[in-house]
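A quick write-up on the structure given underneath.
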Amino acid sequence: MQENSPAHTKPAHADIVLQATKLSKYYQMGEVRVQALHNVDLSLHQGELLVLLGASGSGKSTLLNILGGLDVASSGSLFFGSQQLSHASSSELTQYRREHVGFVFQFYNLISSLTARENVALVTDIAADPMRPEDALALVGLESRIDHFPAQLSGGEQQRVAIARAIAKRPHILLCDEPTGALDANTGRLVLNVLDQVNRETGTATAIITHNAAIGSMGDSIVHMSSGEITQRLYNEVRADVEHIEW
Amino acid sequence: MVSKTEHFTRALHWRALSFKLLRECWQLKGQLFSIALVVATGIMTVVTMRGSYESLVQAQQQYYNDTRFADVWSSLRRAPESLREQIQAIPGVALADTRVSFLATLDLVGLDAPAQGRFVSLPETRRPILNDIRLIRGRYVEAGAPDEVILSEKFANARALGPGDEIRAIINGRARDLDIVGIAISPEHSYTVPPGSLLPEDDRYGILWMGRRALGPAYDMDGAFNEAFVKLAPGINELAVIDHLNDLLEPYGGYGAYARLDQASHLMLQGELDQNRVMGTAIPAVFLAVAVFLLHLVLGRMIATQRGEIAVLKAFGYRDAEVGRHFLTFALVAVFFGALIGTIGGVLLGRVYIDVYRQYFDLPDLHYQLSPSLLLIALVISLGGAFSGAMGAIRKAVRLPPAEAMRPEPPARFTPGILERSGIGRLLPASGRMILRNVERKPLQAFFSSLGVAFSVSILLIGLFMFDSVNHMIDLQFRKIQREDITVSFLQNINAAARHDLARLDGVTRVETFRTVPVRLRNQHWSREVAIQGMQNDGQLRRIINANGAIQTLPAQGLVLSRVLANRLRVAVGDTLEVEMLEGKRAHTSVQVAGIVEDFLGVSAYMNLDALYHLSGEFDVISGAYLSVLAAERPQLYRQLKNVPAVAGVASPSSMLASFEQEMTQSLFISVGFLVGFASVIAVGVIYNGARIALSERGRELASLRVMGFHRREVAMLLLGEQGIITLLAIPLGWLIGYALAFAIVQGLQTDTFRIPFIITPRTYWLSALITVFAAAASALVVRRRLDSLDLISVLKTRE
């Protein structure tokens, strides 16, 4: 049972960080044209925690890739603040990712040859105004595991290092692709808790992709996707406590 | 018995696997090609270098057999022809032959300086029993035609003379115009050095073969001879025959018989062949070893990255042996193409080598011949390397149960290492630590990769150091030791007062006289014929210089010997040598060894001029003189010397140097070009494959970094930084290996005709490093281009 039922109306919110309008994406697969996204409109606000729900093949990953500057849309527009990303060059996209976007992957993708601190430092080394790696790790509760290598950490710990690495550069946007996909329920909740807490404390606009509908309750808004289109966008008046999410 | 269905299934397996193999070969074509190139390089060096050595040896044997090249040689003042039968009767002698041979002055059109010819007799009615000639053009001399001569080919070419032309010679004081009827070569005279020179001067010294009946009377040798040769019966020791022959010829003024081993042309050719054998064995051995090593390394790593596929194949029910065979085929493909390229390239290059050698060596039957056994050995070694490399990795992959193997390898285990303990780690940015830890985590792999690149550095070093050594040798020989402008040698020893006549000639500013005495030096049963060179004490033009450049003063008494000569005679400073004069009063005496000099050209025995006078019992005679001459007056001086009957020849170090440099640089450039190419292939083989494999092992990490906003350049640094460290580590290692190899080569090249000084200049060190770094950087750039096509999106989803 959910304590807060989501509403369809959008509450008043802070500045828009990302604004997507009529985004479409086609892939040419041999002679077949696959439509991965169709006329998607989406905005992400500062401090917002957005949960993107959908089955596999619904287009949520394609959307996240375009929002994160890993891919460009076939048509439509995408603005980061006043910067038009729809027609950005590959190196402009790299710069955008470098300065403004933090990524958390399903399989953590830590650098195995670097310790937790160094994995974070790898990103802070190239950031303009980063946190200290130690502070970022403290934020995810890993201050005691700071000098451990990935092989010495559990899956949940590795994912928390990945989160610390993503937020240490103080990104404007944090994009998480199935962050709990490789974790058991308890560890998953722990990781979501960290994401929730980081979002609250840093005010970073956060988007979490998942196929687990229960996770939707922790977000400010829930976007349902199917067949490359947004089928529904709901708003939670109160974000659910992660501890109470049923898996 | 195998059932029909099983047959069918097997056929299907193989067909599907074959497709997989073909596709993967295509996908990995860059890697396979670079491995094949390394194999090709190894096989090519064997086929080219060892192959041309074997071709040379075979051509030498053929030539010697065809011309009945003598085993024992002797010259004497004069003996009646009837003595030949006694020589023939010496136990162990199979064949004996005699002839007449003299030096005479030639009067050449268009040459101001005096020139010399060695006249050698031929029987008119038949071919010589021993030491026959091979006619290149024209015909053999005829009986009853006293003015016919056959010229040696190099001399004829240098003077543009041919059959039908005439040549004027001063024979026994009388000018005679001789008709050239033929051009010939002989193994005895393939390397003709005029008296007083260290190197051939083909435009002013040649061999003239003439009928015995025509030549004999001219020199008062009618029915007599002054040279005798012997062919030994199979299995006969030459030493006993030489002793016998010496005893027999002693009363007739014998100058001492010697074995073929000491014959000048043979010595030179053998020296070259020995050098060729050393290089033709050492370099292919190093290359083949490197190729085998690289095959082992690269194939092993390549197969290790296919772990998942091996598991899938096994899960489908493929047997271990089938999977193993499949991956071994990979190795086979690389070795097959490598062997093909290597053999074709090796044969083509071998022909180029042999073409160069043909100008250099006088071997008429010289053709490149590929020895199949050699190719087979190289092939088997390459296959062995490929199989051992592939087998190790395959065995490891096949051993795992499929379920386990299908799971990705657990995250690479990193633990705090030297980097942390030493505290260096803290000084580096995270990216630097990442690079260093990868090296640190697999130190053996890094070491062996470094070793591979180090071989490239060392091969360059041993190629380039040859230039250093030869330059050093040239500088020492022609600028420090031989400082005279010209050397004049006389037909016979003349009175020392001639120095005053020489000093009066046009342009002569300094005269230093010398005396040479042919002797046999003996220590117990070790003996050797040389000419003792008596030199003025205050000599400025010709000095004795040590290998390190220091001037060695000539002691008042005793001999100073070349290091090689002292070694050969097993003597040290302070030991006493028996000396047997081979001319004049032919005194037997003993002399102390007063000094040993490290020199590079020829074998020498020096003595103070006065001490030599005492030793020989002949005073105030000289054999020649070193002159300093004003450059402008040199042509005039040459013309004057040409008209002095006593002058046998004039040699100039500058023309010697020119011919030496021409010969040396030509062959050096070819072999160094060869080595640079091969060394680059090795560097590319290691670095390209290393980077490609690192890319497949760490592609996901690198793609994650790209997603996180790292630029291509930064990610490339992380990938190629490791290869950079491997290359940097390889440089000192390569220098060390190269130093040792160069030292071994120098030791292997100690011949009587020349030694190679062990000199490596800083330029050689830097150049060898630079070329390797360049090759490594070029191959890294190729891999860097692959980074641009990293699939960033798949990283988010896939797990290896």
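Just so you know, the protein sequences line up as chains Z and R, in that order.
The first sequence maps to residues 470 to 716 in my numbering.
The second sequence maps to residues -10 to 789 in my numbering.
We treat Cβ as the ideally placed atom computed from N, Cα and C, and that holds for glycine.
As the structure is a computational prediction, the values presented were derived from the model and not from experiment.
Cβ-based burial, Leu533(Z) [other Cβ within 10 Å; buried from 16]: Per the 10 Å Cβ criterion, buried.
Segment contact, 8 Å Cβ cut-off, at least three pairs: the segment 159 to 178 of chain R with the segment 242 to 254 of chain R: Yes, the segment 159 to 178 of chain R is in contact with the segment 242 to 254 of chain R.
Stretch-stretch touch, CB-based, cutoff 8 Å, three pairs: the segment 750 to 760 of chain R with the segment 465 to 476 of chain R: At 8 Å Cβ cutoff, the stretches do not touch.
CB contact below 8 Å: His700(R) versus chain Z: True, the Cβ-Cβ gap to chain Z drops below 8 Å.
Contact the segment 633 to 651 of chain Z vs the segment 585 to 596 of chain Z: 3+ CB pairs below 8 Å: Taking a cut-off of 8 Å for Cβ pairs, the segment 633 to 651 of chain Z and the segment 585 to 596 of chain Z touch, as three or more such pairs fall below it.
Same chain, Cβ closer than 7 Å to Leu646(R), neighbours up to 5 away in sequence not counted: Around Leu646(R): Ile463 and Phe467.
Endpoints, the beta strand (DSSP E) within which Ser525(Z) is located: Secondary structure note for Ser525(Z): it is in no beta strand (DSSP E), with a DSSP letter that is neither H nor E.
Per-residue DSSP class, three states only, for Gln20(R): Note: Gln20(R) maps to helix in three-state DSSP.
8 Å CB neighbourhood of Arg201(R) in its chain, flanking five on each side removed: Scanning its chain for C-beta atoms nearer than 8 Å, with the 5 sequence neighbours on each side dropped, one finds around Arg201(R) the residues Arg88, Val89, Ser110, Leu111, Pro112 and Glu113, in chain order.
His285(R) (DSSP reduced to helix, strand or coil): Look at His285(R) here: in three-state DSSP terms it is helix.
Proximity test, Cβ basis, 8 Å: Ile595(Z) and chain R: It does: the Cβ of Ile595(Z) has a partner Cβ on chain R nearer than 8 Å.
CB contact flag (Ile659(R), Val459(R), <8 Å): No, these two residues do not count as a Cβ contact at 8 Å.
Beta-carbon gap between Ile172(R) and Leu221(R) smaller than 8 Å: At the C-beta level, Ile172(R) and Leu221(R) stay beyond 8 Å of one another.
Span separating the alpha-carbon of Leu798(R) from that of Ile534(R): Since the displayed chain R opens at -10 and closes at 789, residue 798(R) lies outside it and no answer follows.
Nonlocal neighbours in the same chain, by C-beta distance under 7 Å from Gly685(Z), ignoring five residues either side: Result list for Gly685(Z): Val520, Leu522 and Ile691, in chain order.
Beta-bridge partners of Lys638(Z), as assigned by DSSP: Looking at the DSSP assignment, Lys638(Z) forms no beta bridge with any residue, so it has no partner.
Simplified DSSP assignment, three categories, for Tyr565(Z): If DSSP states are grouped into helix, strand and coil, Tyr565(Z) belongs with the helices.
Simplified DSSP state of His461(R), which is helix, strand or coil: DSSP places His461(R) in helix when its eight states are reduced to three.
Cross-chain neighbours of Asn681(Z) in chain R, by beta carbon under 7 Å: Per Cβ cutoff of 7 Å: no residues; Asn681(Z) is ~16 Å from chain R at best.
Ser525(Z) classed as buried or exposed, judged by whether at least 16 other C-beta atoms fall within 10 angstroms: By the neighbour-count definition (other C-beta atoms within 10 Å, threshold 16), Ser525(Z) is an exposed residue.
Length-filtered (3 minimum) beta strand (DSSP E) runs lying within the segment 600 to 660 of chain R: Unbroken beta strand (DSSP E) runs of no fewer than 3 residues, entirely contained in the segment 600 to 660 of chain R, are found at 610 to 618 and 636 to 640, following chain order.
Assigned secondary structure, Pro117(R) (DSSP; H/G/I helix, E/B strand, else coil): Coil at Pro117(R), not helix or strand.
Buried or exposed (CB count within 10 angstroms, at least 16 for buried), Phe572(Z): Classification for Phe572(Z): buried.
DSSP-derived helix/strand/coil call for Tyr244(R): In the structure shown, Tyr244(R) sits in coil (DSSP, three-state: anything other than H, G, I, E or B).
Per-residue contacts from Arg566(Z) into chain R (C-beta, under 7 Å): The contacting residues are Val696, Met697 and Gly698.
Option nearest Tyr595(R) by Cα separation, candidates Val633(R), Leu571(R), Asp609(R) and Pro507(R): Comparing alpha carbon positions, the residue from Val633(R), Leu571(R), Asp609(R) and Pro507(R) closest to Tyr595(R) is Pro507(R).
Near-chain R residues of the segment 532 to 547 of chain Z (beta-carbon distance less than 7 Å), N- to C-terminal order: So the list reads Asn534, Leu539 and Asp540, given in the order they occur along the chain.
Nearest to Arg628(R) (by Cα), restricted to the options Ile231(R), Gly224(R), Gly99(R) and Asp86(R): The candidate whose alpha carbon is nearest that of Arg628(R) is Gly99(R).
Proximity below 8 Å, CB of Val61(R) to CB of Ala248(R): With respect to the 8 Å criterion, Val61(R) and Ala248(R) are classified as neighbours on the basis of their beta carbons.
Proximity of Ser447(R) and Gly81(R) at Cβ, strictly below 8 Å: Taking 8 Å as the Cβ cut-off, Ser447(R) and Gly81(R) do not qualify as a contacting pair.
Cutoff 8 Å: Ala572(Z) Cβ touching any chain R Cβ: Reading off the sequence shown, one finds Phe at residue 572(Z), where the question assumed Ala. Phe572(Z) counts as touching chain R.
Spatial neighbours of Arg308(R) in its chain, beta-carbon cut-off 8 Å, leaving aside the 5 residues before and after: Excluding residues within five positions, none has a Cβ falling inside 8 Å.
Straight-line Cα distance separating Ala640(R) from Thr502(R): Going by C-alpha positions, Thr502(R) is about 14 Å away from Ala640(R).
Alpha helix (DSSP H) runs contained entirely in the segment 264 to 346 of chain R, provided each spans 4 or more residues: Runs found: 296 to 304.
Contacting residues, own chain, Cβ-Cβ under 8 Å from Ala790(R) (five flanking each side not counted): Outside the displayed range of chain R (-10 to 789) lies residue 790(R), so it cannot be described from this structure.
Pro751(R) burial status per 10 Å Cβ neighbour count (16 or more: buried): So Pro751(R) ends up on the exposed side.
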